[in-house]
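Worksheet: one structure, shown below.
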Amino acid sequence: MTWADSMAPLRGRNFRFYFASRFANTLGSSMASVALAFAVLEVTDDDPAALGLVLAAHTVPMVVLLLWGGVLADRLPRTLVLQVSNLTSAASQGAIAFLVITGAAELWMLIALSAVHGVVSAAGMPAMAGILPSLVPREELQRANALMSLVRSGLVIVGPTVSALLVVGVGAGWGLAIDAVTWLVSAVLLGFVDLPAREPRETGASTWSELREGWTYVRSTQWLWVVVLAFGVLNAIHAGPWSTLGPLHAKDTIGEEGWGLVLSAEAVGLLAMTLVMLRVPLQRPLLWGTLGVSLLGVPIFVFGAHPSLLLLVVVAFVAGAGTEVFSMGWNLAMQENVPDEMLSRVYSYDMLGSFVAMPVGQIAVGPLAIAFGSGNVLMVSGAMYVLTCLLVLLSPAVRRLPRVSTTSAPEPAAP
């Protein structure tokens with residue numbers, strides 16, 4: 000396969016505009032996570048519990064409303080759902096940026112605006128997850144997913160570091176302002192994506208009946224519910240000890256710039272593996288994906304045990320590469336096996352199960368760090384992360400799931 004073949008999805012007009020939209024959005028989001036963390040710490044005098052509350056304020060409404068968002072994205076044009084979500088996100092992030100820049104921000108304001116962002120994310124995320132199979136032929140799915148990962152990992156390489164420099168130089172609010180602008184640009188670009196018409200849905204079906212239909216599919220598919228259940232634990236660890244406690248632990252060890260470099264190293268690993276995935280077909284997607292994502296527990300453990308910047312950069316790079324293998328494997332498993340008419344609903348169940356424990360991790364990690372020390376919390380969390388991934392592989396359905404043949408798969412209408 001040549002590199003020209005790897006870029007084949009970009010020949011389609013719909014995918015090009017979607018690609019550009021995600022490029023803009025990912026540029027801002029890659030900066031926002033670091034900027035928001037240090038903005039909250041600045042407003043609350045380095046209170047880790049306060050940061051957990053702000054992050055949980057986004058996560059809780061998102062988790063509560065995800066299933067409704069999945070139904071909405073399966074009923075309405077997914078590009079429309081995404082546009083409305085992106086415009087509202089631009090407004091909420093812009094308001095946070097303004098308050099932080101002007102010095103008027105208070106904790107309750109950040110909590111309220113983060114909750115608004117969480118509400119609209121509940122609709123936007125299932126729509127975004129379900130849209131890609133409609134943009135490219137089935138045989139180009141891996142390459143299309145790899146190109147989207149290329150956008151994400153490429154921008155995240157520089158985003159955290161630039162955001163950290165902005166925090167030190169002019170303040171955290173400016174990173175959040177850039178994020179708000181990119182949400183707006185993303186919404187405009189989505190207006191040029193013209194999806195093929197979907198099969199007519201049964202009229203009069205209630206939200207509950209559609210949710211039951213999705214739930215029946217999930218619980219009857221072993222590889223699906225096993226991985227979703229495991230990620231309830233894994234994402235709680237990532238959101239709590241790594242994303243919430245990490246910035247505070249970094250201030251006492253490797254510094255804000257060092258934390259940005261660690262996150263960027265993880266993104267470099269993602270990028271390197273994405274380039275591999277553009278050309279190498281991934282067979283047994285969940286077997287290799289689960290082994291890959293288990294590596295993310297290593298930098299969490301190392302950060303607590305021995306916070307050396309050089310060592311953290313190395314293990315974060317390896318973890319990023321492994322995480323990309325899982326991301327590719329999971330997307331292919333979903334996109335190739337779940338019917339399009341319920342794909343957003345199934346993704347919403349996936350997200351609900353994966354994210355439901357995130358607020359627990361975000362809120363609990365502050366008191367745990369105070370009680371036991373941040374280093375000890377990070378070490379135990381890293382070990383739990385690896386163990387959980389290994390337990391997932393006890394399921395034969397996960398280990399043996401193959402790729403689906405593309406020879407008989409229907410293709411979307413030509414753009």
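Note that numbering that gives the first Met the number 0 numbers the sequence shown so that position 405 is 404, with each residue one more than the last.
C-beta: ideal position from N, C-alpha, C; glycine also.
Every value quoted in this text rests on a predicted model; they were computed, and no experiment measured them.
DSSP state of I253 mapped onto helix, strand, coil: Stepping through the sequence shown from its first residue, residue 253 is reached at position 254. Judged by DSSP in its simplified three-state form, I253 adopts coil rather than helix or strand.
Throw me the rounded Cβ distance for the L377 and F302 pair, which I believe falls under 8 angstroms. For the purposes of this step, residue 377 is identified with residue 378 of the sequence shown, where counting begins at 1. For the purposes of this step, residue 302 is identified with residue 303 of the sequence shown, where counting begins at 1. Sure, about 5 angstroms apart at Cβ, within 8 angstroms.
Take V385 as the anchor and find which of A370, T215, I299 has the nearest alpha-carbon. Counting from one through the sequence shown, the residue named residue 385 turns up at place 386. Of the listed residues, the one whose Cα sits closest to V385 is I299.
If you run the structure through DSSP and keep just helix, strand and coil, what is E138? To locate residue 138, count along the sequence shown from 1; it is residue 139. Note: E138 maps to helix in three-state DSSP.
If I follow the unbroken alpha helix (DSSP H) through D349, where does it start and stop? Taking the first residue of the sequence shown as position 1, residue 349 is located at position 350. Its alpha helix (DSSP H) spans residues 342-354.
Measure from the alpha carbon of L269 to the alpha carbon of each residue in G68, L146, G321, A114, then state which is nearest. For the purposes of this step, residue 269 is taken as residue 270 along the sequence shown, with counting starting at 1. By alpha-carbon distance to L269, the top candidate from G68, L146, G321, A114 is G321.
Please check the pair G174 and A31, which I expect to be a contact at CB under 8 angstroms, by giving their CB distance rounded to whole angstroms. Stepping through the sequence shown from its first residue, residue 174 is reached at position 175. Stepping through the sequence shown from its first residue, residue 31 is reached at position 32. A Cβ-Cβ separation of about 6 angstroms places G174 in contact with A31 under the 8 angstroms criterion.
How big is the Cα-Cα spacing for A128 and V313? Here residue 128 refers to the residue found at position 129 of the sequence shown. Here residue 313 refers to the residue found at position 314 of the sequence shown. Cα to Cα, A128 sits roughly 30 angstroms from V313.
T101, enclosing alpha helix (DSSP H) - first and last residue: Here residue 101 refers to the residue found at position 102 of the sequence shown. Bounds of the alpha helix (DSSP H) holding T101 are 77-101.
Do three or more CB pairs link the region 359-375 to the region 72-83 at distances below 8 angstroms? As far as the Cβ criterion goes, the region 359-375 does not touch the region 72-83, which means the pair count is below three.
When the distance is taken between beta carbons, is L86 closer than 7 angstroms to T43? Looking up residue 43 in the sequence shown gives position 44. Looking up residue 86 in the sequence shown gives position 87. With a cutoff of 7 angstroms on beta-carbon distance, T43 and L86 are scored as not near each other.
Going along the chain, which residues of its own chain have a beta-carbon closer than 7 angstroms to the beta-carbon of T405, five neighbours each way excluded? In the sequence shown, residue 405 corresponds to position 406, counting from 1. With a pLDDT of only 49 at T405, under 50, the local geometry of the prediction cannot be trusted, and the value read off the model is given with reservation. These residues qualify, in order along the chain: R137, E138.
Sequence ranges, beta strand (DSSP E) only - wholly within the region 17-48, length at least 3: As far as the region 17-48 is concerned, it has no whole beta strand (DSSP E) run of at least 3 residues.
Element boundaries [alpha helix (DSSP H), containing Q282]: In the sequence shown, the residue the question calls residue 282 occupies position 283. In the DSSP assignment, Q282 falls outside any alpha helix (DSSP H), carrying neither H nor E.
Is it the case that the Cβ atoms of F22 and V119 are separated by a distance below 7 angstroms? In the sequence shown, residue 22 corresponds to position 23, counting from 1. In the sequence shown, residue 119 corresponds to position 120, counting from 1. The Cβ-Cβ distance between F22 and V119 does not fall below 7 angstroms.
Cβ neighbour criterion (16 or more within 10 Å) applied to P338: Within the sequence shown, residue 338 is the residue found at index 339, counting from 1. Classified as exposed, P338 has fewer than 16 neighbouring CB atoms from the shown chains inside 10 Å of its CB.
Looking at S148 and E323, is the spacing between their C-beta atoms short of 7 angstroms? The residue given as residue 323 occupies position 324 in the sequence shown. The residue given as residue 148 occupies position 149 in the sequence shown. The Cβ atoms of E323 and S148 sit closer than 7 angstroms to each other.
Where does P411 fall in DSSP's three states? Along the sequence shown, read from residue 1 onward, the residue named residue 411 stands at position 412. Only weak support is given to the placement of P411: the predicted model assigns it a pLDDT of 45, under 50, and the value that follows is read from those uncertain coordinates. Collapsing the DSSP output to three states places P411 in coil.
Assign R278 to one of three DSSP states: helix, strand, or coil. To locate residue 278, count along the sequence shown from 1; it is residue 279. For R278, the three-state secondary structure derived from DSSP is coil.
Compute the Euclidean distance between the alpha carbons of P60 and A318, then round it to the nearest angstrom. Here residue 60 corresponds to residue number 61 of the sequence shown, with the count starting at 1. Here residue 318 corresponds to residue number 319 of the sequence shown, with the count starting at 1. Roughly 29 angstroms between the two C-alpha positions.
Taking the alpha-carbon of N234 as reference, which of L183, A249, V180, S293 has the nearest alpha-carbon? For this step, residue 234 is matched to residue 235 along the sequence shown. It is S293.
Using C-beta distances below 6 angstroms, list every residue in its chain close to F14, excluding the 5 sequence neighbours before and after it, in chain order. Numbered from 1 along the sequence shown, position 15 holds the residue referred to as residue 14. So the qualifying residues of the chain are P8, L134, V135.
Just to confirm the assignment, what range does the alpha helix (DSSP H) spanning W173 have? As a first step, residue 173 must be located in the sequence shown, where it is residue number 174. Looking at the DSSP string, the run of the alpha helix (DSSP H) that includes W173 is 172-189.
Compare the C-alpha of P284 against each of N330, K250, T273 and name the closest. Residue 284 sits at position 285 when you count from the first residue of the sequence shown. It is N330 whose Cα lies nearest to the Cα of P284.
Cα-Cα, which of R402, N24, L244 is closest to F37? Within the sequence shown, the letter at position 38 stands for residue 37. With respect to the C-alpha of F37, the residue from R402, N24, L244 having the closest C-alpha is L244.
Shortest alpha-carbon distance to A96 belongs to which of T25, L71, H305, V166? Here residue 96 refers to the residue found at position 97 when the sequence shown is read from its first residue. Looking at the Cα atoms, V166 is the closest of the given residues.
Could you check if S407 is buried or exposed, using at least 16 other CB atoms within 10 Å of its CB as the buried criterion? Here residue 407 is taken as the residue at index 408 of the sequence shown, counted from 1. With a pLDDT of only 40 at S407, under the threshold of 50, the placement of this residue in the model should not be trusted, and no figure is reported.
Let me check understanding here. Comparing Cα to Cα, which of V355, G296, L367, L26 lies closest to V157? In the sequence shown, residue 157 corresponds to position 158, counting from 1. The shortest Cα separation from V157 among V355, G296, L367, L26 belongs to L26.
Leaving out five residues on either side along the sequence, give the residues of the same chain with a beta carbon under 6 angstroms from the beta carbon of A396. Residue 396 sits at position 397 when you count from the first residue of the sequence shown. Q221, W222, listed in sequence order.
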